[in-house]
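Below: the structure, in structure tokens.
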Ligand SMILES: [Zn+2]
């Protein structure tokens, strides 16, 4: 399971799950403002519904991660055949949305629900299992200040931060990111992708 950046040192990887969604354009604009490249763990059915946004993510230099077709939970309890279809069909849907040559480097299980079976399926499809090291629980909408302080307290060099661009109202995530990007820069962090 991958839980650190590719380069190590004073780097950080930002990851955004459950999109593309209505907040994705705002997040892309903020990342562009700071020239930050991030990783988007997309839900297959969301990618299929908004292929233009998948293409925009790729065109901006970000990378893609498979996050299943329907985001079933608990993911680790799925029967083998269902886990295969959720992982492989989502990969196909995201590639279809992104266009020819789209690379999907990682799979992240919904809710982090990895087990030996779905990690094996992931490896068989040529992807790495992607975890995280920093979880501000932004999906639960604890308030932007709580998201900011959780990241600031949990982050260590080489960390992978889990945030969300889909799955409901993401205004707190966007507000937190507006503070976290300049903070990360001021702390001397450079931005990287997860290890692959
Ligand atoms: Zn998710």
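Numbering (this note's numbering), first residue to last: 116 to 311.
Glycine included, C-beta positions come from ideal geometry on N, C-alpha and C.
Boundaries of the beta strand (DSSP E) around residue 275: 274-279.
At the C-beta level, residue 158 and residue 186 come within 8 Å of one another.
In this structure, residue 225 has its beta carbon less than 7 Å from a heavy atom of ligand 1. In this structure, the straight-line span from the alpha carbon of residue 163 to that of residue 205 is close to 9 Å. In the displayed model, residue 254 falls within a helix according to three-state DSSP. With respect to residue 311, residue 220 sits close: the two C-beta atoms are nearer than 8 Å.
The DSSP-derived three-state label of residue 189 is coil. Look at residue 247 here: in three-state DSSP terms it is coil, with no helix or strand label.
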